[in-house]
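Numbering (my numbering), first residue to last: 53 to 849.
Given below as structure tokens:
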């Protein structure tokens, strides 16, 4: 049974680091509940189980660095206790991998099905075969190639089947040890070539938990189609920051940065930081092909596991009672060490869940979620990209393909809508230090390699040189070239993982640049809010406004119309790649019209011009590409610039429009034909605005919701389809808006059902992730994780 041995099993994985794992008897004996398959998941491994669940169960884990998939054709043999996978090797070679469990009480007809299954597998003509499992045939003496039972018995037929299929059995020593019984060879490993497993690599390791079966490890000799992600990484949280600060405090920054251009100043500063990082931050070797030790595992626990393994080896060779007693003692100490370490860690995670939610979800995900990463992607020509090098290029090509290159907009009135202007910003050291004090040290470093943990620890020593660099950059309206580089991480949204369009690009940029952006962002927001320049229809990224604020106002207006007996229609609009397609030149026109000019406008122009990006997956990066449009997702200034760009969108509508960042909806009562035509006219005006400013709507995702309906009127998008007809917007009976599902009858049964199901899933995760849960732990987790889900927008629904 795997569930009650999971902790020690994961600990062994972190030590042995196997590519492939096969397990038998994963379910409890005589258990009727085999539905909780999430408990079988192991981080960084893909799990494969049979389609038809057997009595005891088998599972294969294959590390994500390998390309593999399940072979379903072999599941039709009628023998249920087996699972088969194909693993891609070098070139055109492929490995057929099978894991089998045969019960010792298996009847003859089932044994024949097993033999037929082996024959069927061999007929598939793979270059490499690896078949392993618990076959429970103690009558077969594999060392002597003899069968103690008669010729017509099932053990002999199985032995003959393996011989006829030219399969070599590699395990020669007993694999099952039980006190008072003879040791038996029950667990077998077969290959189609004798030299595929190096004999000296086969190890009989100590059982997991209190099992009486050895854990067998060996090296399978083949060339794997995997990718190395190992390397040295800085251990930022173990740096010698005391000497680091002393070194930086000894530098005369006025002399070092004097009479230099902004690029030279930044290069000088980053060079000093990089040199000192190399000196005072230690490195550690990492091999990301394999899972890290469990989060709860400490040195004492690891020592107990190693001690248990040594005791097992002594007992296996001596087979005397004294060594067995020693093994049992060390085994029990190991079990207690694992239990205590996990209990202590889980208590810490639970009690800190209110202030450290990230730690809670890291632990839950490490227990229950198998990360799939970026799977095979479809190229523009229809072929598939399976290697990481191909994937990053495919994603980078798609992300850059959505950029828009537009000509300047002529005859646009750039006269300011306000009598006040924002031309310049004066930054002081206190402003820089204040931002450095708020750095989140658990975030990643940008392309320049300056980690936020380093910047935070030496903040008092670097606030002055950064103050000089920021002021120089703003006064001259120039941004250092390194600040314009972004490493893009693809984040899966929804849909088919095969399609590159279903991934969102999130930019990882310089942390120092984000600090400067933050200061500029604060001043721009202060200027806009002081002069009341934002439209009242915008609720996103604004202080004092939220999703719930907008939803309450919308629901109040809808309820008033419905109470008066009026039907209404609401059109939910969706921008296509909104943040990536903002035309830079047209954005600059809108900034100028708001009164943002001078040095600040020049700085933003420099910030958005000449940008480059590459896509990174693990340690593999694509080629660098030019970024010709959009505001970087993941930057500090990007959301504000986007709000400014769409700030005049509600002005073109003669009706009610609500906007939250790039989510837009327009609605109106439709009790007459005139009102219905007016709503279509407003939609047409929004489409005209979209065409003018090159921020396209995605017609396929735009929806119409008839509330308290008495009509089936369709609304159209002004874009023509392939047949030359206007595109009709889809009509729906329910639509999710800002986290709340609205129905056409304005009831919230679907929303409440969705929230209930979501909470149930979270509670299930908590239940299956924590092995030790008392009342105080659960209450703390419930208040910080579960209750916010129940309470979100309750005033609306």
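Virtual Cβ for every residue (Gly too), placed ideally from N, Cα, C.
Take residue i as the anchor and find which of the options has the nearest alpha-carbon.
| i | options | result |
| --- | --- | --- |
| residue 683 | 430, 62, 558 and 331 | 558 |
| residue 222 | 199, 95 and 185 | 185 |
| residue 479 | 575, 833, 359 and 465 | 575 |
| residue 417 | 432, 449, 126 and 94 | 94 |
| residue 141 | 132, 133, 153 and 120 | 120 |
| residue 841 | 791, 728, 700 and 724 | 791 |
| residue 503 | 162, 291 and 388 | 291 |
| residue 306 | 238, 60, 520 and 811 | 520 |
| residue 648 | 160, 787 and 472 | 472 |
| residue 154 | 537, 164 and 148 | 164 |
| residue 693 | 285, 143 and 657 | 657 |
| residue 237 | 219, 174, 256 and 244 | 256 |
| residue 511 | 702, 166 and 301 | 301 |
| residue 735 | 770, 758 and 752 | 770 |
| residue 124 | 100, 505 and 484 | 100 |
| residue 703 | 518, 590, 446 and 754 | 590 |
| residue 143 | 150, 444, 180 and 110 | 180 |
| residue 224 | 169, 231, 602 and 235 | 235 |
| residue 622 | 285, 786 and 147 | 786 |
Please report the straight-line C-alpha distance between residue i and residue j, rounded to a whole angstrom.
| i | j | result |
| --- | --- | --- |
| residue 626 | residue 660 | 24 Å |
| residue 177 | residue 171 | 11 Å |
| residue 586 | residue 696 | 8 Å |
| residue 784 | residue 718 | 15 Å |
| residue 268 | residue 190 | 17 Å |
| residue 156 | residue 67 | 32 Å |
| residue 932 | residue 115 | This structure cannot settle anything about residue 932, because the visible part of the chain is limited to 53 through 849. |
| residue 326 | residue 337 | 19 Å |
| residue 838 | residue 825 | 15 Å |
| residue 476 | residue 469 | 18 Å |
| residue 756 | residue 454 | 26 Å |
| residue 423 | residue 117 | The pLDDT assigned to residue 423 is 44, lower than 50, so where the model puts this residue is not dependable, and the model offers no usable value. |
| residue 309 | residue 516 | 11 Å |
| residue 448 | residue 399 | 43 Å |
| residue 228 | residue 57 | 17 Å |
| residue 278 | residue 335 | For residue 278, the predicted model reports a pLDDT of 48, less than 50, meaning its position is unreliable and no value from the coordinates is stated. |
| residue 678 | residue 248 | 48 Å |
| residue 551 | residue 542 | 12 Å |
| residue 699 | residue 97 | 47 Å |
| residue 681 | residue 665 | 12 Å |
| residue 316 | residue 565 | 15 Å |
| residue 490 | residue 689 | 17 Å |
How far does the beta strand (DSSP E) with residue i in it reach, from first residue to last?
| i | result |
| --- | --- |
| residue 256 | 255-257 |
| residue 72 | 72-76 |
| residue 243 | 239-243 |
| residue 180 | 180-186 |
| residue 138 | 134-140 |
Quick one: using the 10 Å Cβ neighbour count with 16 as the cut-off for buried, is residue i buried or exposed?
| i | result |
| --- | --- |
| residue 800 | buried |
| residue 561 | buried |
| residue 819 | exposed |
| residue 497 | buried |
| residue 629 | buried |
| residue 745 | buried |
| residue 828 | exposed |
| residue 318 | buried |
| residue 492 | exposed |
| residue 808 | exposed |
| residue 526 | buried |
| residue 134 | buried |
| residue 432 | exposed |
Identify the continuous alpha helix (DSSP H) that holds residue i and give its terminal residues.
| i | result |
| --- | --- |
| residue 630 | From DSSP, residue 630 is part of no alpha helix (DSSP H); its letter is neither H nor E. |
| residue 850 | Here the chain comprises residues numbered 53 to 849, so residue 850 is not present and cannot be evaluated. |
| residue 857 | An answer regarding residue 857 cannot be provided, because it is not within the stretch 53 to 849 covered by the chain. |
| residue 94 | Premise fails: residue 94 is in no alpha helix (DSSP H) and is neither H nor E. |
| residue 38 | Because residue 38 is not part of the residues shown, which for the chain are 53 to 849, the question remains open. |
At a cut-off of 7 Å, is residue i close to the ligand PLP when judged by its beta-carbon and the heavy atoms of the ligand?
| i | result |
| --- | --- |
| residue 151 | The ligand PLP is not part of the structure shown, which contains no ligands of any sort. |
Original post:
Where in the region 593-618 do unbroken runs of the alpha helix (DSSP H), each at least 4 residues long, occur, reported from the N-terminal end onward?
Top reply: 599-615
Original post:
Can you list, in chain order, the stretches of the beta strand (DSSP E) that have 3 or more residues and sit fully within the region 507-576?
Top reply: 537-544 and 555-560
Original post:
Taking the runs of the beta strand (DSSP E) that are 3 residues or longer, which of them lie wholly in the region 674-740?
Top reply: 677-679, 708-712 and 715-721
**OP:** Kindly provide the ranges of any beta strand (DSSP E) runs that are 3 or more residues long and lie completely inside the region 763-830, ordered along the chain.
**Re:** 768-772, 778-780, 782-784, 786-789 and 792-795
Subject >> Whole runs of the beta strand (DSSP E) within the region 333-388, excluding any shorter than 3 residues >> reply: 335-339
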